[in-house]
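Enquirer: Encoded as structure tokens, here's the structure I'll be asking about.
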Amino acid sequence: MFDWMMNFYSSLPTVMQILIGIQLIVIPLMLAVAYTTFAERKVIGYAHVRVGPNRVGPRGWLQPIADALKLLTKEVILPTNANRFLFLSAPVLTIAPALAAWAVIPFFEGGALADVNAGLLYLLALTSLGVYGIIIAGWASNSKYALLGSLRSAAQLVSYEIAMGFALVGVLMAAGTLNVGGIIEAQSGSMYHWFLLPLLPLFFVYFISGIAETNRAPFDVAEGESEIVAGFHVEYSGMAFAVFFLAEYANMILISALTAILFLGGWLSPFQGILPQAAFDLPVIGALLDHGIHWFLFKTAVFLFAFLWFRATFPRYRYDQIMRLGWKVLIPVTILWLFVEGVLVAFNVGPWFA
Amino acid sequence: MTFELILFYLFGAILLGGALAMISVRNPVHAALFLVLCFVAAAAVWLLAEAEFLGIVLVLVYVGAVMVLFLFVVMMLDINLAKLREGFTEYLPVGIVVAVAMATVLVAVITRYITMDVPERAGPEYANTEALGAILYTEYVYPFEIAAVILLVAIIAAISLTMRKRPDNKSIDPGQQMAVSREGRVRMVSMASEKKKSPRRGAQGGDADGQQDDPSK
């Protein structure tokens, strides 16, 4: 059955193969986004010692479907004198980079839609495009609140992008390649070969900036539901509003996946080089212990849970504190660690830079 | 006509159309957005020419950072369009002369000095980023470093020009905020427990009223 499907797949023209590949990524991703919203409400519910959504379907499992139906049937309101084209294209501009970035993510060995040389640069460039959706949404809404909210949010995104980029420079120095698959290969060996240990400060900087880039608590001043009523998307309703949230959750999953790939070896098994070879030869357990997509998904899920956990744990940052953390703490930390890493690379300190 | 050629003409057309729209639209925000479109189309053309580093960095630096700040400024400014267009016809002849001169020089330079065959396609093993890095950090290392230092000087100059101390600024020193300890804020008092007494009903003694919990205590 599997062989037959693979043969059929390879007999198709290239365009069809790419389209099928896109479907294989986007459909599970959208399902994951829908159930991340459910997971978020459940996790925060239990963190608050309450149950969370449990009315729609068995134990609330149909809640995301009900939410989607509700949003689809709502009216999309166009504000008076709003620029219609820009107003409607802003949600598209927000979600498009969040989906397009998945093209270079390797899900398993050789399992990326596009195995490009400059994969890391591509990711940096695409994640920097997300800010346009926010700016255009704020401006095209023809509302002072939306414009001010978009300026706040865009300033935050631009600031944290620098720290994020520097953290990626550290990964690039350690791996010696821009290819995302190559970065994972460079971490193979054992758990201790992952970039988590040599690049520990950069790992923290990357994940913190990732949270700030996705406008999530404790950096969610753009939305800040207890202080202001939403920021740049205050004029949006119905599905146009929902697309902003789809993009936010798709970005959360992307940042989690990237953290797993860049610092925890993506699909690499943590038991490689630690357990004897006999353990990997066991019938079913061996396949589970060995490298594979399940490790990638597990590591991504851990970071995704951390996003929800932080939202339930930390109070919101004040705006000036956000700017201070980004510019005066995270960026100096990355620059210092790039210097340390340069010394480590120059003297071939093992096992990472040997 | 190959697929690549179709893509080249498509992105070329978008680039030229975007550039024309950028100088002709009235709204400055629309003009800035058309400039963004031009950058993206130019990046795509560079990608077709196997210069993926230049293409991606164009998107990363110009689209992702410079144009965002540009849009910031344009959106915040209160631009009076009527005042801007004042005297347009007056300056038009000068503008046309400059434009024609520029175009002539550009065409002359391009047709005379830049004559080259279609470059050969490098294989899939070729990485433009690596090739650029290898030449930048060996042959051109001094110009590269000097350019970096000049940029650093510009950054410091910009910061020192805009940094000023404002006495009416109410900003808080973050170091002071960090240094706050529990001892500085809370005083723990240890004292012996006292008999419950109500100031109003104290004279009547301990009856039913006095045994109820008084929330004000």
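Residue numbers (my numbering), protein chains in the order written: chain H, 1 to 354; chain X, 1001 to 1217. No residue lacks a Cβ here, since even glycine has one placed at the ideal position from N, Cα and C.
#1: Inspect the beta-carbon positions of Ala257(H) and Thr214(H) and report whether they are closer than 7 angstroms.
#2: Could you tell me whether the Cβ of Arg84(H) comes closer than 7 angstroms to any Cβ of chain X?
#3: Name, please, each residue of chain H whose Cβ falls closer than 8 angstroms to the Cβ of Phe1003(X).
#4: So, is Leu197(H) buried or exposed, given that buried needs 16 or more other C-beta atoms within 10 angstroms?
#5: Does the beta-carbon of Asp1209(X) have 16 or more other beta-carbons within 10 angstroms, so that it is buried, or is it exposed?
#6: Whole angstroms is fine: what's the gap from Val1073(X)'s alpha carbon to Gly182(H)'s?
#7: Residues of the segment 1035–1067 of chain X with a CB closer than 8 angstroms to any CB of chain H: list them in chain order, please.
#8: Let's test the definition: count the other Cβ atoms within 10 Å of the Cβ of Asn1080(X) and tell me whether it reaches 16, buried, or not, exposed.
#9: Does DSSP classify Asp1209(X) as helix, strand or coil?
#10: Three or more beta-carbon pairs under 8 angstroms between the segment 1178–1197 of chain X and the segment 339–354 of chain H, yes or no?
#11: With distance defined between alpha-carbon atoms, name the residue in Trp1046(X), Tyr1126(X), Leu1058(X) nearest to Val1036(X).
#12: Answer with yes or no whether the minimum CB distance from Ala66(H) to chain X is below 7 angstroms.
#13: Tell me the residue span of the alpha helix (DSSP H) that contains Val1107(X).
#14: What is the DSSP secondary structure of Arg318(H), counted as helix, strand or coil?
#15: Quick one: what does DSSP say Val1149(X) is sitting in, helix, strand or coil?
#16: Kindly provide the ranges of any alpha helix (DSSP H) runs that are 4 or more residues long and lie completely inside the segment 32–102 of chain H, ordered along the chain.
#17: Listing by chain order, which chain X residues have their CB less than 7 angstroms from the CB of Val158(H)?
#18: According to a CB-to-CB cut-off of less than 8 angstroms, which residues of the segment 1075–1108 of chain X neighbour chain H?
#19: If you reduce the DSSP assignment to three classes, tell me which class Glu1139(X) lands in.
#20: Using the rule of at least 16 other Cβ atoms within 10 Å of the residue's Cβ for burial, across every protein chain shown, is Trp194(H) buried or exposed?
#21: In chain H, what lies closer than 7 angstroms to Ala1127(X) by C-beta?
#22: For Asn7(H), count the other beta carbons within 10 Å of its own beta carbon; 16 or more makes it buried, fewer makes it exposed. Which is it?
#23: Between the beta-carbon of Ile293(H) and the beta-carbon of Ser190(H), is there less than 7 angstroms?
#24: Run through chain X and tell me which residues come within less than 8 angstroms of Ser128(H), C-beta to C-beta.
#25: Would a C-beta distance cut-off of 7 angstroms place Ala154(H) and Ile134(H) closer than the cut-off?
#26: Quick one: is Pro315(H) buried, meaning 16 or more other Cβ sit within 10 Å of its Cβ, or exposed?
#27: Reducing DSSP to helix, strand and coil, say where Ser1171(X) ends up.
#28: Just to confirm the assignment, what range does the alpha helix (DSSP H) spanning Ser11(H) have?
#29: Would His48(H) be called buried (16 or more neighbouring beta carbons within 10 Å of its own) or exposed?
#30: Rounding to the nearest angstrom, what Cα-Cα distance links Thr374(H) and Val56(H) in this structure?
#31: By DSSP, does Val1189(X) sit in helix, in strand, or in coil?
#32: Could you list which residues in chain H have their beta carbon closer than 8 angstroms to that of Pro1174(X), in chain order?
#33: Which residues, in chain order, does the segment 1117–1141 of chain X contribute to contact with chain H at a C-beta distance below 7 angstroms?
#34: List the endpoints of the continuous alpha helix (DSSP H) containing Met1067(X).
#35: Am I right that Leu355(H) and Gly231(H) are in contact with their C-beta atoms under 8 angstroms? What's the rounded C-beta distance?
Expert: Working from what's here:
#1: no
#2: Judged by the 7 angstroms Cβ criterion, Arg84(H) is not in contact with chain X.
#3: Those do not exist, as Phe1003(X) stays about 10 angstroms from chain H at its closest Cβ, beyond 8 angstroms.
#4: exposed
#5: Low confidence applies to Asp1209(X): its pLDDT is 48, below 50, so where it sits in the model is not reliable, and the reading given next is rough at best. Asp1209(X) is exposed by the Cβ-count criterion.
#6: Cα to Cα, Val1073(X) sits roughly 40 angstroms from Gly182(H).
#7: Val1036, Glu1052, Phe1053, Ile1056, Val1057, Val1059, Leu1060, Val1063, Gly1064, Ala1065
#8: exposed
#9: Confidence is the limiting factor: at Asp1209(X) the pLDDT is only 48, short of 50, which leaves the residue's position unreliable, though a coordinate-based value still follows. If DSSP states are grouped into helix, strand and coil, Asp1209(X) belongs with the helices.
#10: no
#11: Leu1058(X)
#12: At a cut-off of 7 angstroms, the C-beta of Ala66(H) has no neighbouring C-beta in chain X.
#13: 1088–1113
#14: Looking at Arg318(H) - three-state DSSP - the assignment turns out to be coil, as it is neither helix nor strand.
#15: helix
#16: 63–73, 84–100
#17: Ala1065, Val1068
#18: Met1075, Met1076
#19: coil
#20: buried
#21: Asn117
#22: exposed
#23: no
#24: Correct list: Val1059, Leu1060, Val1063, Gly1064, Ala1065.
#25: yes
#26: exposed
#27: coil
#28: 2–11
#29: Classification for His48(H): exposed.
#30: What the structure shows of chain H is the stretch from 1 to 354, and residue 374(H) is not part of that stretch, so it cannot be assessed.
#31: coil
#32: Gln321, Arg324
#33: Ala1127, Thr1129
#34: 1067–1076
#35: Chain H is shown only over 1 to 354; residue 355(H) falls outside these bounds and no answer can be derived.
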